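First comes the structure, then the notes that go with it.
2 protein chains.
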Amino acid sequence: MNANDETVKASADDRDEGQTLALRLWIALARAHNAVQAHAADDVARHGLTVTEFAVLEALFHKGPMLLGEVQRRILVSSGGITWLVDRLEKRGLVERRPCPGDRRARLAALTPDGEALIRGIFPEHAARIKAALSGLGKKEKREAIRLLRALAEGAAAAPGGDGG
Amino acid sequence: MNANDETVKASADDRDEGQTLALRLWIALARAHNAVQAHAADDVARHGLTVTEFAVLEALFHKGPMLLGEVQRRILVSSGGITWLVDRLEKRGLVERRPCPGDRRARLAALTPDGEALIRGIFPEHAARIKAALSGLGKKEKREAIRLLRALAEGAAAAPGGDGG
DNA sequence: GGGCAGTATCTCAGAACTGAGAAATATACC
DNA sequence: GGTATATTTCTCAGTTCTGAGATACTGCCC
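Heads up: the protein sequence lines correspond to chains R and H, in order.
Going by this note's numbering, the first residue of the first sequence is number 2, and it counts up by one from there.
Going by this note's numbering, the first residue of the second sequence is number 2, and it counts up by one from there.
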């Protein structure tokens, strides 16, 4: 149910125009992501964290202990990546691994008291920083952008190839 | 000149709501970027290229020979990154370095005939693939998304910290 | 024409991953 | 119960990049 006018009648010009538009959108998406990511990275670096490390702590803070695999899917890293991340956070005493009751293959990642104190302390400031980085859009525009980006992600997941086909 | 209603009167609730909205937007942005990037990566991988390598070839294809620094700023990598990328493409015979007339510090990157033939051959299909990945939005929505993403990127660049303050 | 800040690229150590495959366990079917 | 397949995490080699500092040159000012 996409409002896809170009499927009705597609001349060569229409196709070119549609492709140009798509490429422009892809570039705009990449640049916006990059610009916001720079702010996020800059902010969490003050606490010696990377954006993905922060994402792990934040997930555990808001959802409680989770299977490594759940965290992995949530923050979009590979299986090797989540092992590496949790190793790193465990060495710093921010996260611990616990056995998963009922499944001896799996392990839960959970915040330690230190980890919880850290994320509790830095999360509000981080959220404020993200909000500031996104201040180019008003509330209404943000809501519209969220709607469009979600439709974009769903469409991409549904398209053949990539990671969703 | 941002349509920023929340600057008028900001109760604690308003602030929380604004932050929640901002965080949701940040997540939607990251997921959309990731989903589209997966398609782009999957497509160029068929020719043994990464997304950034493709971006270098595409820049040189559409703009002609460029200073390494120009390419670097265009595709958003570090100085070490662009050296590494051009090295790699040069080894594969797709790109060559040329001296820059009038500045002996600088070097131009330019497509070789092989490189031009490659990008000319794969660009149309890649553009079609990107268009397919972005088919979750209609033309009108794409235009609106581009407008919002550009405003987002500008706002982020203008905000203190990150890479634009 | 010598010093000096500024700019462009390169070098290099190492960060932050990826992806394939191994090991351990779970689940389903005969 | 036994075999096959799937799932979950871990290991490890290799890839793709970053950031700091080195090197080479430019252009300005005295």
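Yeah, the Cβ is synthetic: ideal placement off N, Cα and C, and Gly gets one too.
Please read all numbers here as calculations on a predicted model, not as lab measurements.
How about residue i and residue j: are their beta carbons less than 9 Å apart?
i      : j      : result
H/G162 : R/D43  : yes
R/L86  : R/L119 : no
H/A23  : R/A154 : no
H/A146 : R/L26  : yes
H/L149 : R/E142 : yes
H/A128 : H/V72  : no
H/K132 : R/Q20  : yes
H/A158 : R/A36  : yes
R/G137 : H/G137 : no
H/I76  : H/V57  : yes
Excluding the 5 residues flanking residue i on each side, which residues of the same chain have their C-beta closer than 8 Å to its C-beta?
i      : result
H/R89  : E54
H/R108 : L68, L69, R98, R99, P100 and C101
H/V52  : Q38, A41, A42 and V45
H/T84  : L69
R/E126 : D44
R/E168 : No answer is possible for residue 168 of chain R: it lies beyond the span of chain R, which begins at 2 and ends at 166.
H/L135 : V37 and K143
R/E91  : E97 and R98
R/E18  : none
H/G74  : For the record, residue 74 of chain H in the displayed sequence is Arg; it is not Gly. Nothing meets the Cβ criterion.
Buried or exposed: where does residue i fall if 16 or more other Cβ atoms within 10 Å of its Cβ makes it buried?
i      : result
R/E1   : Because residue 1 of chain R is not part of the residues shown, which for chain R are 2 to 166, the question remains open.
H/G49  : exposed
H/S79  : exposed
H/G122 : exposed
R/T8   : At R/T8 the pLDDT is 49, less than 50, meaning the model places this residue with poor confidence and gives no usable figure here.
H/R47  : exposed
Who are the Cβ neighbours of residue i in its own chain at under 7 Å, not counting the five residues just before and after it?
i      : result
R/G166 : Reliability fails at R/G166, whose pLDDT of 46 lies under 50, so the model's placement of it is uncertain and no value is given.
H/R174 : With chain H running from 2 to 166 in the structure shown, residue 174 of chain H is simply not present.
H/M115 : In the sequence as presented, Met is not what sits at residue 115 of chain H; that position holds Asp. Excluding residues within five positions, the ones whose Cβ falls inside 7 Å are G94 and L95.
H/T113 : G94, L95, V96 and E97
Taking 8 Å as the cut-off, does the CB of residue i come closer than this to any heavy atom belonging to the ligand HEM?
i     : result
R/L58 : Among the components modelled here there is no ligand, and therefore nothing to report on the ligand HEM.
Leaving out five residues on either side along the sequence, give the residues of the same chain with a beta carbon under 6 Å from the beta carbon of residue i.
i      : result
H/K64  : none
H/R105 : none
R/F124 : none
- Name, going along the chain, the residues of the segment 38–51 of chain H whose beta-carbon falls closer than 9 Å to a beta-carbon of chain R. Using a CB distance below 9 Å, the part of the segment 38–51 of chain H facing chain R consists of Q38, A39, H40, A41, A42, D43 and D44, ordered along the chain.
- Item | Cβ contact check for the segment 64–71 of chain H and the segment 96–107 of chain H: 3 or more pairs under 8 Å | yes
- Task: Give, in chain order, every residue of the segment 131–142 of chain R whose Cβ lies closer than 8 Å to some Cβ of chain H.
- Result: I131, K132, A133, A134, L135, S136, G137, L138, G139, K140, K141 and E142
- Could you list the residues in the segment 69–80 of chain H with a C-beta less than 7 Å from some C-beta on chain R, going in chain order? L77
- Task: Identify each residue in the segment 19–39 of chain H for which the Cβ-Cβ distance to at least one residue of chain R is less than 7 Å, and report them in chain order.
- Result: G19, Q20, L22, A23, L24, R25, L26, W27, A29, L30, A31, R32, A33, H34, N35, A36, V37 and A39
- Message: Against chain H, which members of the segment 143–160 of chain R pass a CB distance test of less than 8 Å?
- Response: K143, R144, E145, A146, I147, L149, L150, R151, A152, L153, A154, E155, G156, A157, A158, A159 and A160
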